[in-house]
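There are 2 protein chains.
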Amino acid sequence: MLEKYIKETPDWLSATGPDADIVISGRIRLARNIKGFPFSHWASTKDLNAAADKIKDSVNKIDYFSGSESFKIKELDGLKKQFLVERHLISRELVSIKQGLIIIADKEILSLMVNEEDHIRFQALSSGLSLLDAWQMVSGIDSLLSGHLDYAYCLEFGYLTACPTNVGTGLRASCMLHLPALSMNRRIEKILPTLSRVGLVSRGFYGEGSEAFGDLFQISNQITLGRREEELIESLEKVVKQIIEYERESREEIAAKGGPRIEDRFKRAYALLTNASLISSKEAMELISVVRLGVATGFLDKIPYSALNKLFIITQPAHLQMLMAKELSASERDEERAKLIQKELQFI
Amino acid sequence: MLEKYIKETPDWLSATGPDADIVISGRIRLARNIKGFPFSHWASTKDLNAAADKIKDSVNKIDYFSGSESFKIKELDGLKKQFLVERHLISRELVSIKQGLIIIADKEILSLMVNEEDHIRFQALSSGLSLLDAWQMVSGIDSLLSGHLDYAYCLEFGYLTACPTNVGTGLRASCMLHLPALSMNRRIEKILPTLSRVGLVSRGFYGEGSEAFGDLFQISNQITLGRREEELIESLEKVVKQIIEYERESREEIAAKGGPRIEDRFKRAYALLTNASLISSKEAMELISVVRLGVATGFLDKIPYSALNKLFIITQPAHLQMLMAKELSASERDEERAKLIQKELQFI
């Protein structure tokens, strides 16, 4: 039952990890393909179904997946698919793949997309900056699964993937950073363009092509080839730590400068967030972002980061509709979103 | 002591008069000059001082003025003069008249400007739409004073005044209307231009040349000649009653239409008004106006109109500085204004 997930908050939003005031979450994605099966884009429906069956059978042989659930994309309606996208459990690409499958394990910490661009896309999400932990976990599951599946691999290149940019380790590591102070003082505009020089890329809350609403930036590695997984992760973490330091400096500057002009921004954002009768998804993200910075800089009373992280996701359109258990028009969503935010922040 | 006035709220803001939900106040102004003295603009300092002394002596002979206080304009600093302007007790013209005098009686219900354009300008302010009461009061005082002063009067024209537009009755009647619903649905744009056709004129909260911030419109008669005072007042009241009806209709439409989009405007205005750390005078008036409409239409919890009327005036720059008993920069005022509003609305 997909519905049960709406009542729970994913573990990676719990703000319990290192530097969770700035790093919402870390994510490790591993691409794998099965030897003897055509890559998904070239495969027939029969091939895809066979691959999916093979993967599911193998997964079921591993204890870790005993409590997991799997959902066939074609059996989900539009709302549920959108919910999974908002939840960061499936990619927008998988939505339109009929033979696609999503396997969700362990409180959404680990999940597997099947028959997306590659046969298997492992994903591990963790709170804060703990990519190596997430990597060790995915790596362990990957090893276990390799005992039951024959991966497409060659000695020269490493793991083979549908897109050459993923060949080698098949790894993509990313961090979701909340950088409101760097956005406020506009230093972010100087930092982002430098990332490509060190082989990194920045995207919005919903990955490729999404805008950085709510001052949320997803930073990930571009290179997957020619280096060990730990090296790739460590080089990402090194840059992320630098950005964390910049953000922390900027937050301290804002806190030290103080004054009513700065306080005013926070007080107004909190007042609107908790009093408006209508809030669009975009405005909600913006206000949550300002409030989160207000809490971090001490201008606003303490609100747990976990509560604000949760708001970022449950105020998304499909989440709202899943919560209300019905389809809502845009204006109905704006109304329900405002009510939901008030309810969530009322007893904190 | 002018300072004592800052601690009190003028009676005409009490919202106790008829139609006080829409009519903030009514005002009767009567222009009089003393026979044998040149009009103020042509008079020497000696003449002006003599006229002021004569008027003051006469006023002191009338019991009604026993508790009154008089202030010489030249003895007031800029802040205090500005305070009196904001208080609607003196005109902006009187501020620069050295031989000017203001006599304040009876909780600011009645006041006399001396040596403005005319030797005497009586003013009576009352809550709500009660111009005839105000007129009877001014008229009574005017009669009493005429027992001690020889007014410039001729049988053909009536009372003589410095400016021909005031000749005859010397009367100007006006109402301060709060018309937020007509502003919101923009019907006000059609109503205002029609006023001149019936001999009326509309101005902002601070009279001639002031903008209609806070949806406050001061509507007054232009004609002073050839009709009895009661007729002039009744013809103004007739139009005002029509506008009141339009405003009430518009408020009912807003209340009946309802919905989150309308509620949202009110909730946001109230949230900002009570939570911002900085508020400009203009924004304060705009927010107070929306909140006042929110109360009138039932979208917001009850706040006494008297409290909101009071906010319109005490948030003005000189009022704020008098309240703080010191000069404040614009940004300091914005800060103190925000605090003051919060304090005033906290225990309502």
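Top line first, the protein sequences correspond to chains A and B.
Heads up: take any position in the first sequence, counting from 1, add 5, and you land on my numbering.
Heads up: take any position in the second sequence, counting from 1, add 5, and you land on my numbering.
Just so you know, even glycine gets a beta-carbon here, dropped at the ideal spot from N, CA and C.
Using beta carbons (cut-off 9 Å, strictly below), is residue 190 of chain A in contact with chain B?
Here the question's residue 190 of chain A lines up with position 185 in the first sequence. No, residue 190 of chain A lies away from the interface with chain B (no Cβ there is under 9 Å from its Cβ).
Pop quiz: residue 177 of chain A and residue 225 of chain A are said to be a contact at Cβ under 8 Å. What is the actual Cβ separation, rounded to whole angstroms?
If you number the first sequence from 1, residue 177 of chain A lands on position 172. If you number the first sequence from 1, residue 225 of chain A lands on position 220. Contact holds; Cβ gap of about 6 Å.
Suppose the cutoff is 6 Å on Cβ atoms and the five residues either side in sequence are ignored; what does the same chain contact list for residue 229 of chain B look like?
The residue you call residue 229 of chain B lines up with position 224 of the second sequence. Here the set comprises 171, 173, 174, 176.
Does residue 272 of chain A have its Cβ less than 9 Å from a Cβ in chain B?
Translated into the one-based positions of the first sequence, residue 272 of chain A becomes position 267. Yes, because at least one Cβ of chain B sits closer than 9 Å to the Cβ of residue 272 of chain A.
Check whether the Cβ atoms of residue 100 of chain A and residue 323 of chain A lie closer than 9 Å to each other.
Counting from one through the first sequence, the residue named residue 100 of chain A turns up at place 95. Counting from one through the first sequence, the residue named residue 323 of chain A turns up at place 318. Going by C-beta atoms, residue 100 of chain A is not nearer than 9 Å to residue 323 of chain A.
Quick one: grab the DSSP three-state call for residue 6 of chain A.
Here residue 6 of chain A refers to the residue found at position 1 when the first sequence is read from its first residue. Reduced to three states, the DSSP call for residue 6 of chain A is coil.
Beta strand (DSSP E) segment containing residue 226 of chain B, residue limits:
Your numbering for residue 226 of chain B matches position 221 in the second sequence. Start and end: 221–226.
Tell me the rounded alpha-carbon separation between residue 16 of chain B and residue 220 of chain A.
Against the second sequence, residue 16 of chain B aligns to sequence position 11. Against the first sequence, residue 220 of chain A aligns to sequence position 215. Computed Cα separation, rounded: 51 Å.
I'd like to confirm the pairing. Which residues does DSSP put opposite residue 128 of chain B in its beta bridges?
Walking along the second sequence from the start, residue 128 of chain B turns up at place 123. According to DSSP, which records beta bridges pairwise, residue 128 of chain B is partnered with B:34, B:116.
So, under 8 Å CB-CB, residue 48 of chain A and residue 56 of chain A are touching, yes? Tell me the CB distance rounded to an integer number of Å.
Working through the first sequence from its first residue, we reach residue 48 of chain A at position 43. Working through the first sequence from its first residue, we reach residue 56 of chain A at position 51. Confirmed, about 7 Å.
With three or more beta-carbon pairs closer than 8 Å as the criterion, would you say the region 151–167 of chain A touches the region 22–37 of chain A?
yes
Given that a residue counts as buried once 16 or more other Cβ atoms are within 10 Å of its Cβ, and exposed if not, what is residue 5 of chain A?
The requested residue 5 of chain A does not occur in the structure, where chain A is confined to residues 6 to 353.
Could you tell me whether the region 258–271 of chain B touches the region 234–242 of chain B, using the rule of 3 or more Cβ pairs below 8 Å?
no
Amino acids of chain A, ordered along the chain, whose beta-carbon sits closer than 7 Å to that of residue 305 of chain B:
Locating residue 305 of chain B in the second sequence gives position 300, where the first residue counts as 1. What residue 305 of chain B touches in chain A: nothing, since even the nearest Cβ is about 11 Å away.
Taking 8 Å as the cut-off, does the region 307–318 of chain A touch the region 16–28 of chain A (at least 3 CB pairs, one atom from each stretch)?
yes
Does the CB of residue 336 of chain B have a neighbour CB from chain A at under 9 Å?
If you number the second sequence from 1, residue 336 of chain B lands on position 331. Judged by the 9 Å Cβ criterion, residue 336 of chain B is in contact with chain A.
Identify, in the order they occur along the chain, each residue of the same chain with its Cβ nearer than 8 Å to the Cβ of residue 46 of chain B, setting aside the five sequence neighbours on each side.
As a first step, residue 46 of chain B must be located in the second sequence, where it is residue number 41. So the qualifying residues of the chain are 122, 167.
Boundaries of the alpha helix (DSSP H) in which residue 56 of chain A is found, first to last residue
Reading the first sequence from its first residue, position 51 is the one you call residue 56 of chain A. Boundaries of the alpha helix (DSSP H) harbouring residue 56 of chain A: 50–65, taken from the DSSP string.
Let's see if you can read the secondary structure: which residues bound the beta strand (DSSP E) around residue 205 of chain A?
Residue 205 of chain A sits at position 200 when you count from the first residue of the first sequence. That run of the beta strand (DSSP E) goes 205–208.
Skipping 5 residues on each side, what residues in its chain have a beta carbon closer than 8 Å to that of residue 84 of chain B?
Indexing the second sequence from 1 puts residue 84 of chain B at position 79. If we look at residue 84 of chain B and ignore the five residues flanking it on each side, its Cβ neighbours are 323, 326, 327, 332.
For residue 343 of chain B and residue 283 of chain B, believed in contact at Cβ under 8 Å, the rounded distance:
For the purposes of this step, residue 283 of chain B is identified with residue 278 of the second sequence, where counting begins at 1. For the purposes of this step, residue 343 of chain B is identified with residue 338 of the second sequence, where counting begins at 1. Indeed they touch by this definition, with Cβ atoms about 6 Å apart.
If residue 208 of chain A and residue 223 of chain A are in contact, beta carbons under 8 Å, what's the gap, nearest whole angstrom?
Your numbering for residue 208 of chain A matches position 203 in the first sequence. Your numbering for residue 223 of chain A matches position 218 in the first sequence. Contact holds; Cβ gap of about 5 Å.
According to DSSP, residues forming a beta bridge with residue 182 of chain B:
Counted from its first residue, the second sequence places residue 182 of chain B at position 177. DSSP lists B:28, B:222 as partners of residue 182 of chain B.
Anyone know if the C-beta pair for residue 186 of chain B and residue 259 of chain B falls short of 9 Å?
Residue numbering aside, residue 186 of chain B sits at position 181 when the second sequence is read from its first letter. Residue numbering aside, residue 259 of chain B sits at position 254 when the second sequence is read from its first letter. Contact flag set, yes.
Beta carbon of residue 97 of chain B: closer than 8 Å to some heavy atom of the ligand MN?
In the structure shown, the ligand MN is absent, as is every other ligand, since no ligand is present at all.
So is residue 286 of chain B in contact with chain A if we call contact Cβ pairs under 9 Å?
If you number the second sequence from 1, residue 286 of chain B lands on position 281. Answer no: the Cβ-Cβ gap between residue 286 of chain B and chain A never drops below 9 Å.
The alpha helix (DSSP H) that contains residue 276 of chain B, what's its start and end?
The residue given as residue 276 of chain B occupies position 271 in the second sequence. Unbroken alpha helix (DSSP H) run through residue 276 of chain B: 265–280.
Close Cβ partners of residue 350 of chain A (< 6 Å) along its chain, the five nearest in sequence each way excluded
Along the first sequence, read from residue 1 onward, the residue named residue 350 of chain A stands at position 345. Excluding sequence neighbours, residue 350 of chain A sits near 279.
First and last residue of the uninterrupted beta strand (DSSP E) at residue 308 of chain A:
As a working note, residue 308 of chain A is residue 303 in the first sequence. Here residue 308 of chain A belongs to no beta strand (DSSP E), and DSSP marks it neither H nor E.
Does DSSP classify residue 191 of chain B as helix, strand or coil?
Walking along the second sequence from the start, residue 191 of chain B turns up at place 186. Coil.
Neighbourhood of residue 205 of chain A by C-beta distance below 7 Å, restricted to the same chain and skipping five residues each side:
The sequence position of residue 205 of chain A within the first sequence is 200, counting from 1. Hits under 7 Å: 224, 225, 226, 227, 241, 244.
Quick check: the Cα distance between residue 210 of chain B and residue 136 of chain B, rounded to an integer number of angstroms?
Position 205 of the second sequence, counting from 1, holds the residue named residue 210 of chain B. Position 131 of the second sequence, counting from 1, holds the residue named residue 136 of chain B. Approximately 18 Å between the Cα atoms of the pair.
Can you pull out the residues from the region 20–39 of chain A whose beta carbon lies closer than 9 Å to at least one beta carbon of chain B?
Within the region 20–39 of chain A, no residue has its Cβ closer than 9 Å to any Cβ of chain B.
Beta-carbon contacts of residue 256 of chain B that lie in its chain and below 6 Å, excluding the five residues immediately before and after
Position 251 of the second sequence, counting from 1, holds the residue named residue 256 of chain B. So the qualifying residues of the chain are 186, 301, 302.
Chain-ordered chain A contacts of residue 281 of chain B [CB-CB under 7 Å]:
Position 276 of the second sequence, counting from 1, holds the residue named residue 281 of chain B. In chain order: 269, 272, 273.
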